[in-house]
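For the record, the sequence lines run as chains A and B.
Going by my numbering, the first sequence opens with residue 1492, and the numbers climb by one from there.
Going by my numbering, the second sequence opens with residue 1492, and the numbers climb by one from there.
By construction, the Cβ of each residue, glycine as well, lies at the ideal position given by its N, Cα and C atoms.
Step one of this worksheet: look at the structure below.
Number of protein chains: 2
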Amino acid sequence: MPEYHAPLRDMRFVLHEVFAAGQLWARLPALAGTVDAETADAILEEAAKVTSELLAPLNRSGDEEGAHWDNGVVSTPAGFREAYATYIEGGWVGLAGNPAYGGLGMPKMLAVQFEEMLYSANASFTLYSALTSGCCLALDAHASEELKQLYLPRLYSGEWAGTMCLTEAHAGSDLGLLRTRAEPQADGSYAISGSKIFITGGEQDLTANIVHLVLGRLPDAPAGSKGISLFLVPKFLVGSDGALGTRNSLSCGSLEHKMGIKASATCVMNFDDATGYLIGEPHKGLAAMFTMMNYERLSIGIQGIGCAEASYQNAVAYTRERLQGRAPGGAQAPQKSADPLIVHPDVRRMLLTMKALTEGGRAFSTYVAQQLDLAKHAEDADERRRAEALVALLTPIAKAFFTDTGLESCIHGQQVFGGHGYIREWGQEQLVRDVRIAQIYEGTNGIQALDLLGRKVVANDGAALRLFAEEIRAFVDTPAAPRPFASELLTALERLESISAWLLEQAGKDPALVSAVAVEYLNLFGYVAYAYMWAHMAAVAQAGRASDEAFYGAKLSTAQFYFSKLLPRIHSLDAVIRAGSAPLLELADDQF
Amino acid sequence: MPEYHAPLRDMRFVLHEVFAAGQLWARLPALAGTVDAETADAILEEAAKVTSELLAPLNRSGDEEGAHWDNGVVSTPAGFREAYATYIEGGWVGLAGNPAYGGLGMPKMLAVQFEEMLYSANASFTLYSALTSGCCLALDAHASEELKQLYLPRLYSGEWAGTMCLTEAHAGSDLGLLRTRAEPQADGSYAISGSKIFITGGEQDLTANIVHLVLGRLPDAPAGSKGISLFLVPKFLVGSDGALGTRNSLSCGSLEHKMGIKASATCVMNFDDATGYLIGEPHKGLAAMFTMMNYERLSIGIQGIGCAEASYQNAVAYTRERLQGRAPGGAQAPQKSADPLIVHPDVRRMLLTMKALTEGGRAFSTYVAQQLDLAKHAEDADERRRAEALVALLTPIAKAFFTDTGLESCIHGQQVFGGHGYIREWGQEQLVRDVRIAQIYEGTNGIQALDLLGRKVVANDGAALRLFAEEIRAFVDTPAAPRPFASELLTALERLESISAWLLEQAGKDPALVSAVAVEYLNLFGYVAYAYMWAHMAAVAQAGRASDEAFYGAKLSTAQFYFSKLLPRIHSLDAVIRAGSAPLLELADDQF
């Protein structure tokens, strides 16, 4: 049976050695009194226990049993209620929440490590609280003081949970089409009516109340995405003292039957003149919801890394034990009937691909989190703005690239098991099914790519990209930049800049171009970003090698693998981008 | 709900226009009286009905219900028994079987079209008879006349079914480790004892008898793969008149719980002094089994194409109907609330990738089948030998490349559905789960790649590759070779030849090299082979364009897409191969 062990050594490496988190926190007043390197390590140790001992053991059984629906009542699989109660006792839901309302105020750099552990251990379980965290962010940023006082503490404590209600049956990627109505009431509240689908945790038996963030239209709303407002719609109405009142007129119509994340209740939610409260300004709901969506996008990206890490751990354990065939150069375990699978170069190719992508992703998620912390807490306005620009640029890459490479990794992790990888008992096929949704929800990866190339690169004429490129150039120019990786990184960066310049030039002439090549562009950008991470990690590893050959030597070898075996994927991506949009547009719709 | 319509127009195009099957059959005496173009078309029409009307409707329900095990008795999902009875009435199991024993003697070129339809309609159902066909091939090639007379007619009729029993719990890719014992008995039979796993259709309720082909060891067998013999072990012993006798001492211990192909019973089979009959020579069982395995490998490859075609059809239908967003150049359906998904370049990218890979695969499977027909039926011994060499070279590519690109296609076909692609009701996620096994069973795709590069290229010093390259060069030199595709094909071929030459030179010096780069080599080879197919198809389409612009124009546009958007993948593969084995070997096993 698969076991999960949080990769604490690597998380500490990324946090402290690569990004010097402790020093950063010390210079940010909002964090200086809250956390230091030692506190962070203690939290991670505890998080490792909770995820491996409490949540991971429920992952397989949760998948087998799934969530249940019975006449509007949803129950989670056996063990989830008890685990959730224990989990929220630890205060984990509010880890990075606003201390003014009961959150612990921990930095995002720390929170992403914890999120990775959660997704590794049990993706379905994690979704119940991941949505709560995003909901809190949106409320914290846009809700009235009264609503914040009432709701945030109970959400941070995990006593209540949050959801995001966007999609309708006919409105998915195109939210401008949504029809849910909000009628103003005499008391200042709104009567919400409409039907939402794909609502994660829309109903469940874990929390006393559920706080739905719902997108809908006011009576005077303009058509399209500029006429959408955001409402808080609780399952139970809440008195001014926080006590639960009458049940609101909303219900779960059914659960979806899905490929994976089966223990996560994916609900059809029907609102029938349900009482709701406006969050933020009328018609500006989509922008307010994006506060939550950007958070969720990074979180869902981390689902890709988390599932890949779990798959990798299982794959390494299996390939060390399973005896099959002989190493190409001759037996390496001559006393045994066969060599372990891990001696075979093709098996190592799969393991190293997983390792390089997962560790590269871990570093990159921490890097993006660092920018989020700076955007929120830096004292200097320019530093905040710079960090915000990087967050906007890199979030779609994190979401899509983490999950695309997450699926690739989980497929490799299944493949090394041979036929056993296809059997449910071993857990590897569940990880493939569970990770697959991450490429789809929170904006499909195609939508992420459009966001990146269209809005984050072309629309600002490459300004944000230049910020990122400048940082990489500065790194390459430092004496510590590791050879030969630094020069390979620079070559890859120049390729990204060159293709970006070409796209900026062509996009004005060809309206189809951005949509035609956005996915390949995002992937190319992702490989360059990981090259930066791997060069950065290699620099630290070269400096530390003498002190711990096993760990730092592995880092350097994995960096070598990344640069020689994965980064070359950009050659093809570059050629495909340069082939432009024409090859996609020749066929008439009825010629498909 | 998904519907399946056999792509008859494209199948006729490939068979008749690209490969001139009728002319080929007319010159091969064994086929000349059996089949012509008209007969073939009539068979395909009938096959289209059977697969779309009888088998496709059971695909979803079979997945939901799965196969059942109850105390050794296995039952297939509702409707399978009735459908199987109707199916075998049509004589389909023996379609390409030896006419001397009741087969219909149809060419493989025709059979592969039918197989593709079967896998598109219902992969689980198909496996029950696909194994029978392979079993027949092995018996026809290696069994005694007496066994052939007794077993083949009842297998070709579908009255009985066949299995292949290779894998044991500790022996998967490494069959040399297997332990099943065969003790000679006084009557010339053998007592077979051992336990086999992953036996497709090892037990079921569709047929009156089940004929197991079992690999085992004689008492005097040498260790390893040179001590393996092949035995026929029937579920019920068979009298000399073909009547069923006593139940043999073998049983199904359990069914595996799998990611997909859930309606296919994957059995643990226990043999306990079961009566078996030697097939072929002692200790030469693995070679005999390869007759079946090579057949199954092409068949399983076609599973990749079949699932991809089904996914493509669903995806095209959905993206034509689903309204979401607007085309980048402005509304294309301004009277509607949004444009259909199919106008979005990124959606077209996914659909065209599926279309180009599936149609390329269909052509290539027919090409390999043509070589199989020539190897079997050509009058000239040189022509037979040449075809045999091409079959040996191209079978591992067909198996692995069809299924790798089949998974990629099914992932795209799921992705264009957005969240609905993750929901079971739409059928797209089942295709992902069902196609995934095809990369694993019948020799993992990593094993196929080792077979290709190690045995089929390096071991014969590139001789078979030169045959294939000569054929492509001859095509490029014909006046009908389509511009600009022919020159791009030649460039790609030269790249394959160059990297092959480098590998031939390096492999002797570096024993790890073949295993280290085999997968990328197989993929590079696959893209070049598909480029040959697409150039070939483009030549026919250019000639025919005036007569049917819709069909031939689509072919040419898809060829354009293939050459500009998919073939460039070889750039990265080439670079990764040239990076050699060193980056895979640096890490010690305990550094993973």
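- With contacts defined by Cβ atoms closer than 8 Å, leucine 1638(B) and methionine 1780(B) do not form a contacting pair.
- The way I'd put it, the stretch 1716-1725 of chain B doesn't touch the stretch 1805-1815 of chain B; fewer than three beta-carbon pairs between them come closer than 8 Å.
- For chain A, the residues of the stretch 1669-1697 of chain B that bring a beta carbon within less than 7 Å of one of its beta carbons are Phe1689, in chain order.
- Between the stretch 1748-1759 of chain B and the stretch 1678-1695 of chain B, the count of Cβ pairs shorter than 8 Å is three or higher; the stretches touch.
- Taking C-alpha positions only, tryptophan 1917(A) is separated from glycine 1715(B) by approximately 28 Å.
- CA-CA distance, phenylalanine 1966(A) to alanine 1972(A), rounds to 7 Å.
- Here proline 1520(A) is near glutamate 1870(A), since their CB atoms are less than 8 Å apart.
- In the three-state scheme derived from DSSP, where H, G and I count as helix and E and B as strand, glutamate 1899(B) is classed as helix.
- A direct Cα-Cα distance of roughly 37 Å separates leucine 1958(A) from tyrosine 1913(B).
- Annotated as distal: alanine 2007(A) and arginine 1572(B), with beta-carbon spacing of 8 Å or more.
- Taking a cut-off of 8 Å for Cβ pairs, the stretch 1530-1542 of chain A and the stretch 1500-1517 of chain A touch, as three or more such pairs fall below it.
- The alpha carbon of leucine 1814(A) has as its nearest neighbour, out of His1868(B), Leu1666(B), Gly1937(B) and Leu1697(B), the alpha carbon of Leu1666(B).
- Counting along the chain, no alpha helix (DSSP H) covers arginine 1817(B), and no H or E run does either.
- Of the candidates Gly1594(B), Glu1556(B), Pro1831(B) and Val1564(B), Gly1594(B) places its Cα closest to the Cα of arginine 1645(B).
- Contact holds between the stretch 1784-1801 of chain A and the stretch 1880-1895 of chain A, because three or more Cβ pairs, one in each stretch, are under 8 Å apart.
- Annotation for phenylalanine 1762(B): the continuous beta strand (DSSP E) segment containing it runs 1757-1770.
- Chain-order list of chain B residues neighbouring glutamate 1812(A): empty, with the shortest C-beta distance near 11 Å, by a criterion of under 9 Å.
- For aspartate 2001(B), the three-state secondary structure derived from DSSP is coil.
- In this structure, isoleucine 1770(A) keeps its C-beta atom at 8 Å or more from the C-beta atom of alanine 1576(A).
- The beta carbon of arginine 1839(B) falls within 8 Å of a beta carbon belonging to chain A, placing the residue at that interface.
- Taking C-beta atoms as the reference points, glycine 1937(B) and serine 1991(B) fail to come closer than 8 Å.
- Residue contact check for arginine 1853(A) against chain B: no CB pair falls below 8 Å.
- The beta carbon of lysine 1867(B) sits no closer than 8 Å to any beta carbon of chain A.
- Proximity of glutamate 1920(B) to chain A, defined by a Cβ-Cβ separation below 8 Å, is satisfied.
- In the displayed model, arginine 1670(A) falls within coil according to three-state DSSP, outside both helix and strand.
- DSSP, reduced to helix, strand and coil, places glutamate 1659(B) within a strand of the structure shown.
- Contacts with chain A at 8 Å (Cβ-Cβ) do not include phenylalanine 2016(B).
- The alpha-carbon of methionine 1502(A) is positioned some 47 Å away from that of proline 1713(A).
- Here the alpha carbon of tyrosine 1809(B) sits roughly 7 Å from the alpha carbon of phenylalanine 1908(B).
- Closest in C-alpha terms to tyrosine 1619(B), from the list Gly1653(B), Ala1977(B) and Met1783(B), comes Gly1653(B).
- When the beta-carbon positions are compared, proline 2074(A) and phenylalanine 2052(B) come within less than 8 Å of each other.
- Chain A places a beta carbon closer than 8 Å to that of tyrosine 1932(B), counting this residue as a contact.
- Taking a beta-carbon distance threshold of 8 Å, leucine 1842(A) counts as an interface residue toward chain B.
- The alpha carbon of alanine 1632(A) has as its nearest neighbour, out of Gln1997(A), Ile1833(A), Met1783(A) and Phe1762(A), the alpha carbon of Met1783(A).
- Against chain B, the CB of tyrosine 2021(A) has no partner CB under 8 Å away; the residue lies outside that interface.
- A residue is called buried when at least 16 other Cβ atoms come within 10 angstroms of its Cβ; alanine 1569(A) does not meet this threshold and is exposed.
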